[in-house]
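Here the structure comes first, spelled out in structure tokens, and everything after it is commentary.
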Amino acid sequence: MKISTLFKACILIVLSLFALIIFSGHKLLQSKEIQNNTLKSKKILIATGRQLAKGSDYLTSEIRKYAQFGDEKHFKNFWKEVSETKSREVAEDLKKLGALPSEIEFINKSKKNSDNLIEVEKQAMEAVKNGEFEKARKLVFGDYYVQQKILIKEDIKNFQEAVLDRTVKELEETQEKTNFYISLSLFLVDACGLFVLFGFYFLGLKKLVLPLSKISEIISESVKSNSIKNIPYEANKDEVGILSSAFNQLINKREALESELKLSNKNLEKVVSEQTAQLNLDKEEVETEKARLSTIMDNLIDGLIIIDSQGTIKSINPAVTELFGYTSAELIGQNVKMIMPEPYHSEHDQYLKNYMTTGKAKIIGLGREVVGLRKDGSTFDLDLGVTQLDTHEGTSFIGTLRDITERKESEKELILAREEAEKANKAKSMFLANMSHEIRTPMNAVLGYSQILLRNKHLDKETLDSIRTIDNSGKNLLKMINEILDISKIEAGKMELNPYSFNLNVLIDNIDSMFELRCREKSLKWTIDAPSGPVIVRADEVKLRQVLINLLGNAVKFTDSGGIALSIKALENNQYRFDVTDTGNGIPAEEQNKIFEAFQQEEQGAKKGGTGLGLAISKKQLELMGSDLHLESKVNEGSNFHFTLTLPPVDEENYTERRGKHRNVLHLKPDCKVKALVVDDIKENRDVLAKLLSGIGTEVLEAENGK
Numbered sequence: 003m004k005i006s007t008l009f010k011a012c013i014l015i016v017l018s019l020f021a022l023i024i025f026s027g028h029k030l031l032q033s034k035e036i037q038n039n040t041l042k043s044k045k046i047l048i049a050t051g052r053q054l055a056k057g058s059d060y061l062t063s064e065i066r067k068y069a070q071f072g073d074e075k076h077f078k079n080f081w082k083e084v085s086e087t088k089s090r091e092v093a094e095d096l097k098k099l100g101a102l103p104s105e106i107e108f109i110n111k112s113k114k115n116s117d118n119l120i121e122v123e124k125q126a127m128e129a130v131k132n133g134e135f136e137k138a139r140k141l142v143f144g145d146y147y148v149q150q151k152i153l154i155k156e157d158i159k160n161f162q163e164a165v166l167d168r169t170v171k172e173l174e175e176t177q178e179k180t181n182f183y184i185s186l187s188l189f190l191v192d193a194c195g196l197f198v199l200f201g202f203y204f205l206g207l208k209k210l211v212l213p214l215s216k217i218s219e220i221i222s223e224s225v226k227s228n229s230i231k232n233i234p235y236e237a238n239k240d241e242v243g244i245l246s247s248a249f250n251q252l253i254n255k256r257e258a259l260e261s262e263l264k265l266s267n268k269n270l271e272k273v274v275s276e277q278t279a280q281l282n283l284d285k286e287e288v289e290t291e292k293a294r295l296s297t298i299m300d301n302l303i304d305g306l307i308i309i310d311s312q313g314t315i316k317s318i319n320p321a322v323t324e325l326f327g328y329t330s331a332e333l334i335g336q337n338v339k340m341i342m343p344e345p346y347h348s349e350h351d352q353y354l355k356n357y358m359t360t361g362k363a364k365i366i367g368l369g370r371e372v373v374g375l376r377k378d379g380s381t382f383d384l385d386l387g388v389t390q391l392d393t394h395e396g397t398s399f400i401g402t403l404r405d406i407t408e409r410k411e412s413e414k415e416l417i418l419a420r421e422e423a424e425k426a427n428k429a430k431s432m433f434l435a436n437m438s439h440e441i442r443t444p445m446n447a448v449l450g451y452s453q454i455l456l457r458n459k460h461l462d463k464e465t466l467d468s469i470r471t472i473d474n475s476g477k478n479l480l481k482m483i484n485e486i487l488d489i490s491k492i493e494a495g496k497m498e499l500n501p502y503s504f505n506l507n508v509l510i511d512n513i514d515s516m517f518e519l520r521c522r523e524k525s526l527k528w529t530i531d532a533p534s535g536p537v538i539v540r541a542d543e544v545k546l547r548q549v550l551i552n553l554l555g556n557a558v559k560f561t562d563s564g565g566i567a568l569s570i571k572a573l574e575n576n577q578y579r580f581d582v583t584d585t586g587n588g589i590p591a592e593e594q595n596k597i598f599e600a601f602q603q604e605e606q607g608a609k610k611g612g613t614g615l616g617l618a619i620s621k622k623q624l625e626l627m628g629s630d631l632h633l634e635s636k637v638n639e640g641s642n643f644h645f646t647l648t649l650p651p652v653d654e655e656n657y658t659e660r661r662g663k664h665r666n667v668l669h670l671k672p673d674c675k676v677k678a679l680v681v682d683d684i685k686e687n688r689d690v691l692a693k694l695l696s697g698i699g700t701e702v703l704e705a706e707n708g709k
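Under the numbering used here, the residues of the sequence shown are numbered 3 to 709, in order.
Quick look at the structure:
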């Protein structure tokens with residue numbers, strides 16, 4: 003065979019070997035990239051697991067703080083964390099990071115248990131809103147809650163361990179591939195060197211034979227010592243130099259890859275060590291949590307019983323032995339119905355069986371009051387709450403028991419006290435009504451005679467002023483009596499509405515003429531703003547008039563300078579807003595609610611006198627009409643009382659104005675003979691009415707009754 007043919011053959015073989023060397027180097031780079039991606043993915047997945055565990059602990063911390071203290075800050079923090087957690091698509095993120103379905107399943111199980119906890123935490127929040135802090139604390143510190151927490155952490159721990167195991171396995175597989183390609187590269191380099199040496203040897207070129215022999219020697223020594231040395235002919239300008247340079251570059255690249263691989267292995271060992279330490283720490287935390295929960299159970303005031311799906315008692319706390327008088331050994335392993343009286347004793351097994359079959363609960367998850375049976379045969383009232391706990395060991399039920407004997411006694415006493423209070427209130431209302439009636443009878447006589455005397459034109463001014471004082475004082479006293487009767491009717495629920503059609507502007511005109519004069523007497527500015535033209539509506543005009551007069555009367559009474567304003571504005575849907583505004587002293591904020599209570603007045607009101615019933619009656623009357631009385635006031639600036647009433651319109655064509663058809667009678671004509679019969683069983687009332695009628699020329703006959 004010709005040398006040229008051998009040379010060409012050697013060249014082809016060498017090129018093939020170089021191609022394989024390049025391919026092997028490319029595979030080494032791919033292995034390195036796979037290692038880096040594996041480590042990066044593992045780090046993110048482990049961090050994700052730690053973040054989920056931290057988020058769960060944060061939620062537990064916030065809900066327990068909220069259950070203990072009721073601070074809305076913890077309530078908001080809790081729902082903010084829940085919102086942020088739900089916004090993250092954890093399963094999709096894990097899938098993108100290369101997590102296996104079996105690993106993602108651990109996270110899904112953790113999320114399911116976390117969702118179970120959130121339902122419990124919602125119940126606890128509802129309990130806090132209702133003021134049931136004890137119930138809220140039992141929910142978030144109970145065994146079910148703790149068991150779910152343990153399951154969440156175990157799932158996250160299993161996820162981290164699975165990721166770690168898979169990472170180590172993948173790195174080991176990658177390392178095996180790397181070692182294979184390194185060995186392959188060395189083998190190919192050796193083969194390449196041998197073929198080059200073989201080719202130049204047969205060519206007999208001294209320039210090639212000696213360098214290639216040296217190269218072969220170096221390669222052989224490198225293979226034996228497992229330590230590759232650089233080829234010394236890199237500076238040559240010929241093919242040997244090119245070969246040496248390429249080989250040295252390959253050696254340098256290999257050494258760099260080996261250094262990076264060692265560093266990666268070192269980092270991996272560090273990560274594995276850290277994760278192992280973290281897992282050990284998590285295990286210690288779980289054990290600590292178990293110990294803490296055991297301590298809590300042992301020191302709970304309420305009894306705690308755990309039974310299986312057959313009703314067999316599996317665990318109790320010391321409070322149960324105190325409640326029922328049994329020892330722990332006497333209860334554990336026995337059917338829970340032994341501490342139930344009839345009919346619960348006979349029905350419990352069937353009830354539990356029905357629940358396990360149908361899922362229909364009477365107590366489980368709901369709670370109710372039951373009766374317990376002590377060892378000595380006595381019974382007592384219990385508050386029972388039952389929670390279902392499903393684990394890999396099966397279904398269990400956790401029952402919390404509280405002796406409510408004292409509470410039941412207190413409830414009985416409270417019912418008796420309420421009945422006594424209702425009797426006393428009814429007696430008070432009857433007393434006020436009777437007393438007011440007894441006072442009004444002589445008061446009518448006082449007012450009647452004062453009006454008769456005021457008609458006497460022969461009395462001097464001083465006497466008339468005294469009589470006016472008597473008349474005004476009597477009217478004020480009668481007003482107080484009427485207010486007492488009104489509040490008695492309100493308390494008895496006997497105040498009724500008497501709606502009829504009336505012209506709102508006529509009512510406003512009467513109010514205007516009444517208070518324009520009273521404001522002028524105190525040098526106050528009087529302002530009124532009302533709709534123009536007839537406004538025919540249907541409502542209880544008497545009560546509306548009473549409310550407006552009461553509010554305006556108070557405004558005049560408590561305003562010494564400035565002015566009083568009445569505003570009536572039509573709104574949508576037949577509604578009207580009434581505003582009474584003054585520039586008086588104003589009402590302090592801390593006393594604004596007080597003034598709407600019966601017999602209550604703020605400091606300035608107490609100085610001005612009155613019963614303290616006006617605003618209370620006005621508020622109740624407005625509530626009866628479907629409205630409410632509101633107050634806006636600032637000290638030294640004045641007050642604004644306002645309310646909104648629905649006043650249905652009435653067709654003007656069908657409206658007949660309610661007004662008197664006759665004017666006041668001053669005296670009968672001489673030729674007009676009128677007889678009047680006055681009938682009243684109270685002589686004073688007959689005398690007053692008889693004098694009023696006889697004063698205008700009427701012949702009066704009197705009778706004590708209809709007989």
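Where is the CB? At the ideal position from N, CA and C, for every residue including glycine. Just so it is clear, the structure is predicted and the values come from calculations on it, not from any experiment.
(1) Tell me proline 651's beta-bridge partners as DSSP assigns them.
(2) Could you pull the start and end residues of the beta strand (DSSP E) that tyrosine 502 belongs to?
(3) Quick one: which unbroken alpha helix (DSSP H) runs of 4-plus residues sit fully inside the segment 89–169? Chain order, please.
(4) Who pairs with tyrosine 578 in a beta bridge, going by DSSP?
(5) Within the chosen definition, does the segment 466–481 reach the segment 509–529 through at least 3 CB pairs nearer than 8 Å?
(6) Between the segment 526–543 and the segment 632–646, can you find at least three pairs of beta-carbon atoms closer than 8 Å?
(7) Return no unless some Cβ of chain D is closer than 8 Å to the Cβ of leucine 631.
(8) Decide if leucine 14 is buried, meaning its Cβ has at least 16 other Cβ atoms within 10 Å, or exposed.
(9) Assign glutamate 123 to one of two classes, buried (16 or more other C-beta atoms within 10 Å of its C-beta) or exposed (fewer than that).
(10) Consider the C-beta atom of leucine 119 and the heavy atoms of the ligand MN; say whether any pair is separated by less than 7 Å.
(11) For my contact list, leucine 166 and valine 274 are in at a C-beta cut-off of 8 Å; report their separation, rounded to the angstrom.
(12) For lysine 710, which residues does DSSP report across the bridge?
(13) Can you tell me whether asparagine 301 is helix, strand or coil according to DSSP?
(14) Go through its chain and collect everything with a Cβ distance to alanine 567's Cβ below 6 Å, but skip five positions before and after it.
(15) Would you call the CB atoms of isoleucine 366 and valine 388 closer than 8 Å?
(16) Buried or exposed, going by whether 16 or more other CB atoms sit within 10 Å of the CB of methionine 620?
(17) How about leucine 386 and leucine 325: do their beta carbons lie closer than 8 Å?
(18) For aspartate 473, which residues in the same chain have their Cβ closer than 6 Å to its Cβ, ignoring the five residues on either side in sequence?
(19) Just grab the DSSP bridge partners of histidine 632 for me.
(20) Nearest to threonine 393 by alpha carbon, out of Phe80, Lys111 and Ala447?
(21) Who are the Cβ neighbours of alanine 532 in its own chain at under 7 Å, not counting the five residues just before and after it?
(22) Buried or exposed, going by whether 16 or more other CB atoms sit within 10 Å of the CB of isoleucine 303?
(23) Spell out a yes or no on whether the segment 63–77 and the segment 153–169 are touching, meaning 3 or more CB-CB pairs, one atom from each, closer than 8 Å.
(24) What's the C-alpha gap between isoleucine 36 and glutamate 172?
(25) Excluding sequence positions up to five away, which residues of its chain have a Cβ less than 7 Å from the Cβ of proline 651?
(26) For aspartate 427, count neighbouring C-beta atoms within 10 Å of its own C-beta (all shown protein chains included) and say buried if the count is 16 or more, exposed if not.
(27) Between the C-alpha atoms of serine 398 and threonine 381, what's the straight-line distance to the nearest angstrom?
(28) Tell me the rounded alpha-carbon separation between isoleucine 244 and histidine 28.
(29) Within the continuous alpha helix (DSSP H) that includes aspartate 689, where are the two ends?
(30) Round the Cβ separation of glycine 588 and glutamate 639 to the nearest angstrom and send it over; I've been treating them as touching at under 8 Å.
(31) Going by C-alpha to C-alpha distance, which of Gln277, Gln149, Leu141 and Lys216 sits closest to leucine 47?
(32) Taking C-alpha atoms, which residue in Pro501, Asp383 and Thr360 lies nearest to methionine 342?
(33) Look up phenylalanine 382 in the DSSP assignment and say whether it is helix, strand or coil.
(34) Using only alpha-carbon positions, find the residue among Ser330, Gln623, Phe20 and Tyr328 that is nearest to serine 246.
(35) For lysine 728, I'd like the list of residues in its chain whose CB is within less than 7 Å of its CB, leaving aside the five on either flank, ordered along the chain.
(36) Identify the continuous alpha helix (DSSP H) that holds serine 317 and give its terminal residues.
Checking against the coordinates, here is how it stands:
(1) Val539
(2) 502–505
(3) 92–98, 103–131 and 135–143
(4) Ala572 and Leu647
(5) no
(6) no
(7) The structure shown has no chain D; it contains just one protein chain.
(8) exposed
(9) buried
(10) The ligand MN is absent from the structure shown, which contains no ligands of any kind.
(11) 7 Å between Cβ atoms; contact.
(12) Beyond the ends of the chain as shown, which are 3 and 709, falls residue 710; an answer cannot be given.
(13) helix
(14) Thr529 and Thr583
(15) yes
(16) Per the sequence presented here, residue 620 reads as serine, with methionine not at that position. Label assigned to serine 620: buried.
(17) no
(18) Cβ within range, chain order: Ser452.
(19) His644
(20) Lys111
(21) By the criterion of a C-beta distance shorter than 7 Å, alanine 532 is surrounded in its chain by Asn507, Ile510 and Ile570, once the five residues flanking it on both sides are discounted.
(22) Exposed: under 16 other Cβ atoms inside 10 Å.
(23) no
(24) 9 Å
(25) Answer for proline 651: Ile538, Val539 and Asn576, listed in chain order.
(26) Position check: residue 427 holds asparagine in this sequence, whereas aspartate was assumed. Looking at its Cβ environment, which holds fewer than 16 other Cβ atoms inside 10 Å, asparagine 427 is exposed.
(27) Going by the C-alpha atoms only, they are around 26 Å apart.
(28) 20 Å
(29) The continuous alpha helix (DSSP H) containing aspartate 689 extends over residues 685–696.
(30) Correct: roughly 5 Å between the Cβ atoms.
(31) When the alpha-carbon of leucine 47 is set against those of Gln277, Gln149, Leu141 and Lys216, the nearest one is in Gln277.
(32) Checking every option, the nearest Cα to that of methionine 342 belongs to Asp383.
(33) strand
(34) Looking at the Cα atoms, Phe20 is the closest of the given residues.
(35) Residue 728 lies beyond the range of the chain shown here (3 to 709); nothing can be said about it.
(36) No alpha helix (DSSP H) holds serine 317; the beta strand (DSSP E) holding it covers 315–318.
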